[in-house]
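Letter by letter, the sequence shown follows residues -21 to -1, 1 to 160 of mature numbering (1 follows the signal peptide of the UniProt record, and there is no 0).
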Amino acid sequence: MKNLKISVAVMLLLVVSFTTAQEKEKMGHNHNHDKMMDMKGDTKAEAILSDYFSLKDALVADDSEKAVEASTKLVASLKAFDESNYTAKEQKELTDIIEDATEHAEHISKSEIAHQREHFKVLSRDITDIVAITGTKNKLYQQFCPMYDKGSAWLSTKEEVRNPYYGSRMLKCGKVQKTIQ
């Protein structure tokens, strides 16, 4: 029940934040709007997403070796990311997020599948945070499994749920929380 209350509070904060941002944009106060639209096509951010989805797919398939390969590529993509096109505040946020994401991707590249999945949970939060700043040219689905570690989310390019936390044991456990466009 406590987790439900916290989740509801977080969602309300996100809605208020989003509504405020939309109002500022309508009033012409969002001077970075054109710049943000250009970033939707950030190729380095899209490379990170591509490698993240390869990792997710490997975990869905219960393939620890492919997860190691994908996480190694993801580490390289994260390290190659260039924050210079973003505001100073965004650069700081991205630097912190990428540092954390890199650490988790490195752990995944050196672990067995159960531990890979533990790190994937935090990595998924980091990747979601990156997308919130960089945007994406693709339609994404934030999906959620209520059973893994008191609830865990991940991103997917497909609306159909394929659970990376349980793989073949509970392949369809979860639901789409939101669509990111």
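No residue lacks a Cβ here, since even glycine has one placed at the ideal position from N, Cα and C.
*Pair every Cβ in the region 80 to 92 with every Cβ in the region 119 to 135, then say whether three or more of these pairs are closer than 8 Å.*
no
*alpha helix (DSSP H) containing Thr107: first to last residue?*
Ile92 to Thr113
*Sort Thr22, Asp41, Tyr65 and Glu62 by Cα distance to Arg141 and report the nearest one.*
Asp41
*Pick helix, strand or coil for Lys89, following the three-state DSSP scheme.*
coil
*Give the DSSP-derived three-state secondary structure of Ala40 in the structure shown.*
coil
_Residues of its chain near Gln37, where Cβ-Cβ distance is below 6 Å and the 5 sequence neighbours each way are ignored_ = Sequence inspection shows Ala at residue 37; the Gln mentioned does not correspond to that position. So the qualifying residues of the chain are Lys45, Ala46 and Ala49.
_CB contact flag (Asp79, Asp105, <8 Å)_ = yes
_Between the alpha carbons of Ser33 and Ala24, how many angstroms are there, rounded?_
14 Å
*Collapsed DSSP secondary structure at Tyr65 in the structure displayed*: coil
*Roughly how many angstroms lie between the CA atoms of Cys152 and Ser56, to the nearest whole one?*
29 Å
*asked:* Classify Lys52: buried if its beta carbon has 16 or more other beta carbons within 10 angstroms, exposed otherwise.
replied: buried
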